[in-house]
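One structure is given below, encoded as structure tokens.
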Amino acid sequence: MSTPVAVIGAGPYGLSTAAHLRAAGLPVRVFGRPMVSWQEQMPAGMLLKSTPAASSLHTPQGGHTLADYCVASGEGPYASDWDVVPVETFVRYGQWVQQRLVPELEQVRVVSVDRRADGFELKLDSGEQFGARAVVVATGLSGLAHLPPELAAAAPDGPSATGPVSHSSQHHDLSALAGREVVVVGAGQSALESAVLLAEAGAAAVGVVARGRAAVAFGAPPDRQPRLRPPSPFGNAWSLYALSHHAGAFRYLPAPVRRHLVRRVLGPLGAWWLRERFVGRVQVTQDRRIVRATVRDGRPVLALRGADGQGGELSADHVLAATGYRMDLAAMDFLGQGLRTGVVTRAGGPLLDAGFGSSVPGLYFTGLPAAASFGPVMRFVCGTEFASPRLARAVARAHG
512 MSTPVAVIGA GPYGLSTAAH LRAAGLPVRV FGRPMVSWQE QMPAGMLLKS TPAASSLHTP
572 QGGHTLADYC VASGEGPYAS DWDVVPVETF VRYGQWVQQR LVPELEQVRV VSVDRRADGF
632 ELKLDSGEQF GARAVVVATG LSGLAHLPPE LAAAAPDGPS ATGPVSHSSQ HHDLSALAGR
692 EVVVVGAGQS ALESAVLLAE AGAAAVGVVA RGRAAVAFGA PPDRQPRLRP PSPFGNAWSL
752 YALSHHAGAF RYLPAPVRRH LVRRVLGPLG AWWLRERFVG RVQVTQDRRI VRATVRDGRP
812 VLALRGADGQ GGELSADHVL AATGYRMDLA AMDFLGQGLR TGVVTRAGGP LLDAGFGSSV
872 PGLYFTGLPA AASFGPVMRF VCGTEFASPR LARAVARAHG
């Protein structure tokens, strides 16, 4: 069989998977712009929450870690847990890995994927059509931005960077909101760092709305991690250790438990290094949930309600929803309708076997879509260490 394995996506998971497939001797075609989501959907000046040790793409060949890139490029060094990696450095690192290990990357878009008798039929935006023996979906966060329904009324045509309500993924240059009053919705790293970057970019006023009492919190610095708990890429804790180092066991948990853990573990928490930049510069409204959002005289207005039943309103020039991403198979419209309906889902994502294969033979998912089967580590770069070699071995066994 001469048809290739198609990898759709050229972010950390796509590049890592492609490198492992190539090392296994499989013919591979890889599609996408290298690190595009990190380059265009993350705000300029952002710093990675993950430590340098947890920010390397896993590759079958040595010499391709973030530390290796720092030596080769002269950037950094980013080595200790005290070092914070700029997103721009991480993008350049990913592109460096691509140039060295996936040089045949095709920077075109896959328009459609459909089944055929001996595999899959793919169509590219260049007009080319070709067959593939297997398809790996590694499209990252693309198309999965989540806007809570209570904000949707203020953005009937969807969130927009120039409208009253936007999603954080729609902003690369937050200085476009300089001089304006901005409310950020959310309590995770994306929300808190976006608020800080907005304040530093000259926004007239910045506020954060977060559900829950004391919802805005920051992690502990490296020297204050619990010493009697095992280390993980995300901090010292038994739960984090288990989820990081035993991701293969996660899929045996009941679906409701998996859904809960994916949403709650490694949930909303600012990085330890962000606290000093945040406190005193950003107004926090917490223990309040948004009931609805409207637009009044061109300004978005949020109706709030607390656990005590008390209400209130908050208005601004712009609302930025840093409300994360949710797996939505319907958003992957490049997959033909027949394929999408054939993919069994559980716990909010495709039900995957031990080799990341879906219920459609030959169709694999990695990265965020795999979190429902293998846990929250699949939302982070360090998850490539678990995912990529296993996926490549499974594809080689089934389609080599």
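Whatever position you read off the sequence shown (first residue = 1), add 511 for the numbering used here.
Even glycine gets a Cβ: it sits at the ideal position worked out from N, Cα and C.
Small disclaimer: the values here were computed from a predicted structure and weren't measured.
CB of residue i within 8 angstroms of CB of residue j, strictly
i	j	result
Ala814	Glu824	yes
Ser680	Gly713	no
Glu602	Met546	Position check: residue 602 holds Val in this sequence, whereas Glu was assumed. Yes. Within cutoff.
Pro887	Leu764	no
Val598	Leu537	no
Val696	Val717	no
Leu612	Ala530	yes
Glu661	Ala818	no
Leu633	Val621	yes
Thr650	Met889	no
Ser848	Gly781	Here residue 848 is Gln; the residue named in the question, Ser, does not match the sequence. No, they are not a contact pair.
Ala521	Arg540	no
Pro880	Pro861	yes
Leu532	Leu568	no
Ser623	Phe876	no
Ile519	Val676	no
Val892	Ser653	no
His683	Glu551	yes
Residue span of the beta strand (DSSP E) that contains residue i, given as start and end
i	result
Tyr875	874 to 876
His771	Here His771 belongs to no beta strand (DSSP E); instead the alpha helix (DSSP H) covers 766 to 775.
Phe789	Not the beta strand (DSSP E): Phe789 falls in the alpha helix (DSSP H), residues 786 to 789.
Val518	516 to 519
Val541	539 to 542
Phe745	Unbroken run through Phe745: none, as it is neither H nor E.
Gln640	640 to 643
Ser677	676 to 678
Residues that DSSP places opposite residue i in a beta bridge
i	result
His683	According to DSSP, His683 bridges with nothing at all.
Pro597	Leu558
Thr805	Val812
Glu824	Ala814
Thr796	Val720
Glu692	Ala716
Phe729	Gly781
Val648	Ile519, Phe876
Tyr836	Ala656
Pro861	Thr856
Three-way DSSP call (helix, strand, coil) for residue i in this model
i	result
Phe761	helix
Phe511	Given that the chain is displayed from residue 512 to residue 911, the structure contains no residue 511 and the question cannot be resolved.
Thr528	helix
Glu615	coil
Tyr589	coil
Asp625	strand
Ser869	coil
His569	coil
His910	helix
Gly654	coil
Leu846	strand
Pro670	coil
Met512	In this predicted model, Met512 has a pLDDT of only 46, less than 50, meaning its place in the structure is not dependable enough to derive any value.
Pro545	coil
Ser755	helix
Gly894	helix
Leu902	helix
Gly605	helix
Gln610	helix
Ala665	coil
Gln550	helix
Gly536	coil
Cβ separation of residue i and residue j, assumed to be a contact under 8 angstroms, to the nearest whole Å
i	j	result
Ala903	Thr570	Contact doesn't hold; Cβ gap of about 11 angstroms is too wide.
Ala698	Pro779	4 angstroms
Gln797	Ala706	That pair is no contact at about 13 angstroms.
Arg762	Leu863	7 angstroms
Arg627	Gly642	7 angstroms
Residue interval of the alpha helix (DSSP H) (run including residue i)
i	result
Leu577	577 to 584
Gln700	700 to 711
Leu831	Here Leu831 belongs to no alpha helix (DSSP H); instead the beta strand (DSSP E) covers 829 to 832.
Val855	No alpha helix (DSSP H) holds Val855; DSSP gives it neither H nor E.
Phe885	882 to 885
Gln736	No alpha helix (DSSP H) holds Gln736; DSSP gives it neither H nor E.
Val888	Where Val888 is concerned, there is no enclosing alpha helix (DSSP H), given that its DSSP letter is neither H nor E.
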